[in-house]
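Protein chains in written order, with the working numbering: chain F, 1 to 459; chain D, 1001 to 1459.
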């Protein structure tokens, strides 16, 4: 990047919001994935107009712009794959309005999920997606990745809550689309075109989100299964049983083993454990639904069913689930956390398929995930410095995606395509869909300056 | 249309599925709006391949193709504004799969909403949008218009339930996008780009829908308000009160008066009536929520609050709401049913604004609608043969849209843009959004053969 361009960037955002120091550029080379690429400069923008000026400059001088929130992405979405500029939006962190009456909030993209959650709690409302990284991730990142979490089966994902956006498009124009109204069928659904678009179509500078009243009662139950097939059938049974649990998580044998080796939780070692939560405004409603869930657990031969009698007991049951990622990450130097998603009926075949893939390629894969919406997280733990093992991991990853697609599913339920899954896009999407995505990319970002190299759109 | 083209169409769909008889062409000139334009031929397609062949022929011979389901659209979406061919999909009426285990159904676009509802009922599941025309409208039409209904505030609209689509694009390619998995963030959200796209981007030939378990308990209450402001504040109060009613409908004074003049219902004549329904798996849950609703009705000075003690009483309370459209339509020779949608806090100002507009232009407007999601239906009743009155109606319609946009809302919550609202698109959407929509149209349908003249995309 020429010094004159850096001067122009300094002029746009101010000296304090520009850096080309090595320490910053190294920090901005990575996110929570294993991808690495160093940018040439970084800026913190604080207004839509600054973002617009930066995008215009990037078009003029032909340098890539990669937007970043908290950098918690697991697929390399905010890694500047082709260098250029990292545009950090974390200082656009204002909650602009909370309107309980409109059931809507207006936020800047750098607001942290947990900060919005804390601001809404006194009103008894919440923004439901609740991604795993909720304590640190930004709402702009949630929008860019259509973030989801443990409550997806009942509450959906970010997509279901975005009412309006202000976006700086790749050509430098500013577009407002959507508003605070709960419903609209006015023109194409541009809002949802940008939700999950990973910063390749435009840069979101303001977000209007729908919020929900928080349920007041929950019921929590854990069940242990000796047979994976039974656990899979229990998942299908629950989801077809006439209620929608707010949580239905699964932990596979490898995950349970790893947790026991690294914590004092003393979980039963079995093929699978299911954790269910139901909710409602009344305890009777939560309990009614949990009875239906437990019926299915029992009908499908759960070895053990533990119902929480108190919030403290529920928290105890949750501990195992919450320890998965850190415990597994600690076992070996490197990990890849996938999030293939399949039709609910295919949860058991998928879990079995993952075991087969691990055996075939001699890699260690522990699986857990959101069984209630078919979103499974096979976590591959390995040593990236071991060339031979890395090659086997790569082959296993390929087979995981093939498994999901063969079973009627998708490469990713919540982590996005980014760099990690770009090579597999055509495994899932037919030529007409790929062509349409690439055309939309060209329309929004004619010079391909926004997050180039992602989502297989350059082909 | 040249005879050779008609022969080619006959060859594609078979003689029995082609018509250029006057009676058919006249039938296909209109939908449930006041727009009229006669096509030159009509076909009933029964496979995606036939649709593809028709679209290819249309590109080659440059004739417009307007897709049609049941023709219940209120904005002229399926009126062949530039002649050419009407492509009727009502014979693609197969429910291809019901998988309760996957929480999904696969249907052809010509399946009638009520037929799916009946097929799901024995399983205790439903497809929630429930548009007013549910007894006759098709699911393809629901997708094309992102159909919604009385339960939008709690259950959302069609958009929230479409998991996957097979689409014949304007260039004649067949695209499959999405699948039975509950979640996906794999590439752009092409599914939702086509939901609500009114047949201008592609022709949907297969649909995968998410379904929900049906609530088992409901509570129903009606409240009467002497003061419109109070009713508006009650709506805001309910929606901010920590629960989401499954129904929160409003009927304005003019509507109540018209119902009383034309039925034996003997409704109280007041500024506004609200009808609320809550639901759950348990009666306790429905009742708890209704207590919160009634608290708000009472706090905002409802003159009368009637809670249904039985299903029969609830049905009685529903009668008034269900009679609105037919009763009002009977009063004068013509009607226009609008569906402006505003932030929930703006329901009262909107109702007042509608009264002002009626007075200013000396036209008769009766309003009712889905107050819980801010979606109001001002129904203008008039005589289209009266030129002077028609001009006043046109001016009033303009002002209704301006009112909605000024209050932070949208032209249409569920009826779509079509022909009726095309002239007002730029009132709501900024130049960047209009440009993007037009570019997407060109990408999907380069020769503008699909439903041309709609949604202000030709500009």
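Even for Gly, the Cβ is constructed at its ideal location relative to N, Cα and C.
Along the stretch 1177-1211 of chain D, the positions whose C-beta sits under 8 Å from a C-beta of chain F are 1177, 1179, 1180, 1181, 1182, 1183, 1184, 1185, 1186, 1187, 1188, 1189, 1190, 1192, 1193, 1195, 1196, 1197 and 1201, read in chain order. The shortest CA-to-CA distance from residue 1086 of chain D to any of D/1105, D/1029, D/1291 and D/1430 is the one to D/1029. Under the 10 Å beta carbon count, residue 1319 of chain D is surrounded by fewer than 16 other beta carbons and is classified as exposed. When rounded, the separation of the alpha-carbon atoms in residue 1186 of chain D and residue 417 of chain F is 6 Å. Annotated three-state conformation of residue 1377 of chain D is strand, per DSSP. Judged by their CB atoms, residue 191 of chain F and residue 140 of chain F are not nearer to each other than the 9 Å cut-off. Minimum Cα-Cα distance from residue 1173 of chain D among the listed residues D/1245, D/1164 and D/1054 corresponds to D/1054. In the DSSP assignment, residue 366 of chain F forms a beta bridge with F/379. Excluding the 5 residues flanking it on each side, residue 1436 of chain D has no same chain C-beta neighbour closer than 7 Å. By the criterion of at least three beta-carbon pairs nearer than 8 Å, the stretch 1235-1250 of chain D is not in contact with the stretch 1174-1185 of chain D.
Inter-segment contact for the stretch 431-446 of chain F and the stretch 372-380 of chain F is absent: fewer than three beta-carbon pairs are separated by less than 8 Å.
Under the DSSP assignment, residue 1306 of chain D falls in the beta strand (DSSP E) whose first and last residues are 1304-1307.
Under the Cβ distance rule, residue 1444 of chain D counts among the residues neighbouring chain F, one pair being separated by less than 9 Å. Setting aside the 5 residues that flank it on each side, residue 1178 of chain D is surrounded in the same chain by 1163, 1164, 1165, 1184, 1191 and 1208, each with a C-beta closer than 7 Å to its C-beta; the list follows chain order. Under the 9 Å criterion on CB atoms, residue 1234 of chain D is classed as non-interfacial with respect to chain F. Secondary structure of residue 173 of chain F (DSSP, three-state): coil. For the pair residue 1455 of chain D and residue 181 of chain F, the Cα-to-Cα distance works out to about 20 Å. With the criterion set as a beta carbon lying under 8 Å from some beta carbon of chain D, the members of the stretch 88-119 of chain F are 99, 100, 101, 102, 103 and 104, in sequence order.
Residue 1248 of chain D counts as buried, since at least 16 other C-beta atoms from the protein chains shown sit within 10 angstroms of its C-beta. Contact note: residue 289 of chain F reaches chain D through 1281, using a C-beta cutoff of 8 Å and chain order.
In the structure shown, residue 260 of chain F adopts helical secondary structure according to DSSP, grouped into three states. For residue 86 of chain F, the pairing in a beta bridge is given by DSSP as F/42 and F/66. The beta-carbon distance between residue 1038 of chain D and residue 1083 of chain D, rounded to whole angstroms, is 7 Å. This is short enough to meet the 8 Å contact definition. When DSSP states are grouped into helix, strand and coil, residue 104 of chain F belongs to the strand group. Listed along chain D is no residue with a C-beta nearer than 7 Å to that of residue 49 of chain F; the closest approach is about 14 Å. Beta-carbon to beta-carbon, residue 1096 of chain D and residue 1107 of chain D are separated by about 6 Å, close enough to satisfy the 8 Å threshold. Residue 1094 of chain D sits exposed, since fewer than 16 C-beta atoms from the chains shown fall within 10 Å of its C-beta. Pairing residue 1110 of chain D with residue 1090 of chain D gives a Cβ-Cβ distance under 9 Å. A direct Cα-Cα distance of roughly 9 Å separates residue 362 of chain F from residue 396 of chain F. Three or more Cβ pairs drawn from the stretch 1221-1235 of chain D and the stretch 1267-1274 of chain D lie within less than 8 Å of each other, which places the two stretches in contact. In the three-state scheme derived from DSSP, where H, G and I count as helix and E and B as strand, residue 411 of chain F is classed as coil. Looking only at F/45, F/216, F/146 and F/366, the smallest Cα-Cα distance to residue 193 of chain F is reached by F/146. Nearest to residue 1345 of chain D by C-alpha distance, out of D/1212, D/1020 and D/1371, is D/1371. Residue F/367 holds the alpha-carbon nearest to the alpha-carbon of residue 323 of chain F among F/367, F/413, F/9 and F/34.
With respect to the C-alpha of residue 328 of chain F, the residue from F/394, F/81, F/263 and F/238 having the closest C-alpha is F/263. Of the residues assessed, residue 151 of chain F falls on the buried side of the cut-off, its CB having 16 or more other CB atoms within 10 angstroms.
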